[in-house]
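Visitor: This structure is in structure tokens; I'll ask about it shortly.
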Amino acid sequence: MILYDASHNMRFQDYGIMLPISSSRAERVLDHLEGHFEGGTRGHSMPYPGPVFNTASALFYLSGKNTGITRKDLETVHSQEFIAALFGDNDPVPAAEGGGLSGLAKALLAAYELIDSDGKPHRYEPDRAVKPLSSLFQTVLAQVGGTYLACRLALDPGPGFCYYLGGGMHHARYDSGSGFCLLNDIAVAVRKLQTEGRAGLVWIIDLDVHKGDGTAELIHFARWRGELAPPSAAAMPGTMPPCVLTLSVHMARGWPLDAESLAAASPGRAPLVPSDVDIGIETGEEEEYLRLLKEGIVRLEQLSGGNSPDIVLVVDGADVYEHDGLPSSGLLKLSLEQCLARDNFVYRYLIDRNIRSAWIQAGGYGDRAWEPCAYFLGGIR
Ligand SMILES: [Zn+2]
Numbered sequence: 356m357i358l359y360d361a362s363h364n365m366r367f368q369d370y371g372i373m374l375p376i377s378s379s380r381a382e383r384v385l386d387h388l389e390g391h392f393e394g395g396t397r398g399h400s401m402p403y404p405g406p407v408f409n410t411a412s413a414l415f416y417l418s419g420k421n422t423g424i425t426r427k428d429l430e431t432v433h434s435q436e437f438i439a440a441l442f443g444d445n446d447p448v449p450a451a452e453g454g455g456l457s458g459l460a461k462a463l464l465a466a467y468e469l470i471d472s473d474g475k476p477h478r479y480e481p482d483r484a485v486k487p488l489s490s491l492f493q494t495v496l497a498q499v500g501g502t503y504l505a506c507r508l509a510l511d512p513g514p515g516f517c518y519y520l521g522g523g524m525h526h527a528r529y530d531s532g533s534g535f536c537l538l539n540d541i542a543v544a545v546r547k548l549q550t551e552g553r554a555g556l557v558w559i560i561d562l563d564v565h566k567g568d569g570t571a572e573l574i575h576f577a578r579w580r581g582e583l584a585p586p587s588a589a590a591m592p593g594t595m596p597p598c599v600l601t602l603s604v605h606m607a608r609g610w611p612l613d614a615e616s617l618a619a620a621s622p623g624r625a626p627l628v629p630s631d632v633d634i635g636i637e638t639g640e641e642e643e644y645l646r647l648l649k650e651g652i653v654r655l656e657q658l659s660g661g662n663s664p665d666i667v668l669v670v671d672g673a674d675v676y677e678h679d680g681l682p683s684s685g686l687l688k689l690s691l692e693q694c695l696a697r698d699n700f701v702y703r704y705l706i707d708r709n710i711r712s713a714w715i716q717a718g719g720y721g722d723r724a725w726e727p728c729a730y731f732l733g734g735i736r
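Here it is, written out as structure tokens:
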């Protein structure tokens, strides 16, 4: 099943934000797929909770932004102070009445790296904005809901596979946004599933070219607070307490691993937290990618001691692609064939073991970012 909602698209130019992120990426994936999915019903709206959808061969189009994420869900993984700032709790005077930048505006400017080290706008032209930043926040919230909904659909009776054409904001950290990510939809969705009793053991397989630093941090902090079991619990026999294992396969250098660029982007920023399994791929090691990914999944199996996860979230970043348009993703360049080998391996691994999975689109920049996802989904129909 493929999950898509046009209202979840972030048209950054509408906010004066000049990032190389194409708002038409998901549509181009769907354009490619329409020839592949017999019976795909473009325009069909799917309310949730609703009937069980047990066909893998239909496109479902969501409508509306009410996807059931509450402020409390956000506070389950992010700091209360950060969430309060986003909701404007600490804004003494509304920004519109001359109160200066709101907490939300400050957080968004930081998350999308729109202010340079001299305090000047960077890739940001507020005079060209036609929508308020608060509307961008609503879209971010909708994407958090989309990721959660993809998990719910993957857990429903049926094929156990849902690909959400959105989400993947894996750099968002405990008390700040980062790297074009304001809120961490992955951690929020996983913890919501677990607190609702829908999943015990969860694996997060993050294949975006950039390390999943925010997710690793949020999972680590949840363990530290005693809300999540330590990784060793994954191998326990019997009833599983809420437990999450994280695997990140990413370029071995560059952002966010490069301490210098990190400090420049966010002075005073806390050091990165490791994932349970981190696999850095060096430039020129593209031929080794698949072998190293397989090793990473074997490590997850070992940590799980034969237990099968209730669901796997696959952060399916397309910025590993050699034609990706973001300069900071250029240290790793997989060909289209290598991207497809990556996705097909993970897909087959999960399907063959009857493991349910929710896939989220994550990074992918420029005009050709749609290609890896489109060809992968077209191939598995
Ligand atoms: Zn990325």
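Using this note's numbering, the first residue of the sequence shown is number 356, and each one after it goes up by one.
Cβ atoms here follow ideal geometry from the backbone N, Cα and C, with glycine treated the same way.
Let's test the definition: count the other Cβ atoms within 10 Å of the Cβ of F415 and tell me whether it reaches 16, buried, or not, exposed.
Guide: Residue placement at F415 is poorly supported in this model, since its pLDDT is 45, which falls under 50; the coordinates still yield a value, given next. Classification for F415: buried.
Visitor: Given a cut-off of 7 Å, decide if V499 and D674 are closer than it, judged by their beta-carbon atoms.
Guide: No, these two residues do not count as a Cβ contact at 7 Å.
Visitor: Classify F516 as helix, strand or coil using the three-state DSSP reduction.
Guide: Strand at F516.
Visitor: Leaving out five residues before and five after P375 in sequence, what residues of the same chain have Cβ atoms less than 7 Å from its Cβ?
Guide: Around P375: G680, L681, Y720, G721.
Visitor: If you run the structure through DSSP and keep just helix, strand and coil, what is W714?
Guide: Correct three-state label for W714: strand.
Visitor: Note down, in chain order, each residue of its chain lying with its Cβ closer than 6 Å to the Cβ of C728, except the 5 sequence neighbours on either side.
Guide: The residues are V384, A673.
Visitor: Three or more beta-carbon pairs under 8 Å between the segment 644 to 654 and the segment 565 to 583, yes or no?
Guide: Judged by Cβ distances under 8 Å, the segment 644 to 654 makes no contact with the segment 565 to 583, as fewer than three pairs qualify.
Visitor: Do you know offhand how far G660's Cα is from V653's?
Guide: In a straight line, the C-alpha of G660 is about 11 Å away from that of V653.
Visitor: Is DSSP giving D386 helix, strand or coil here?
Guide: In this structure, D386 counts as helix in the three-state DSSP scheme.
Visitor: Could you tell me the distance, in whole angstroms, from the CA atom of M365 to the CA atom of E640?
Guide: When rounded, the distance between both Cα atoms is 33 Å.
Visitor: Note down the Cα distance separating M401 from F731, rounded to an integer number of angstroms.
Guide: Low local confidence applies: a pLDDT of 41 at M401 is under 50, so the model's placement there is unreliable, with the coordinate-based value given in what follows. Cα-Cα distance, rounded: 24 Å.
Visitor: Check each candidate in L520, G458, V432, G515 and name the one with the smallest Cα separation from S377.
Guide: The shortest Cα separation from S377 among L520, G458, V432, G515 belongs to L520.
Visitor: Using 6 Å as the cut-off, classify the Cβ of G521 as near or not near the heavy atoms of ligand 1, replying yes or no.
Guide: No - ligand 1 has no heavy atom lying nearer than 6 Å to the Cβ of G521.
Visitor: According to DSSP, is L562 part of a helix, a strand, or is it coil?
Guide: L562: coil per DSSP, three-state reduction.
Visitor: Measuring straight from C-alpha to C-alpha, what distance separates P597 and L658?
Guide: P597 and L658: Cα-Cα distance of roughly 15 Å.
Visitor: If I559 and T502 are in contact, beta carbons under 8 Å, what's the gap, nearest whole angstrom?
Guide: About 11 Å; that fails the 8 Å criterion.
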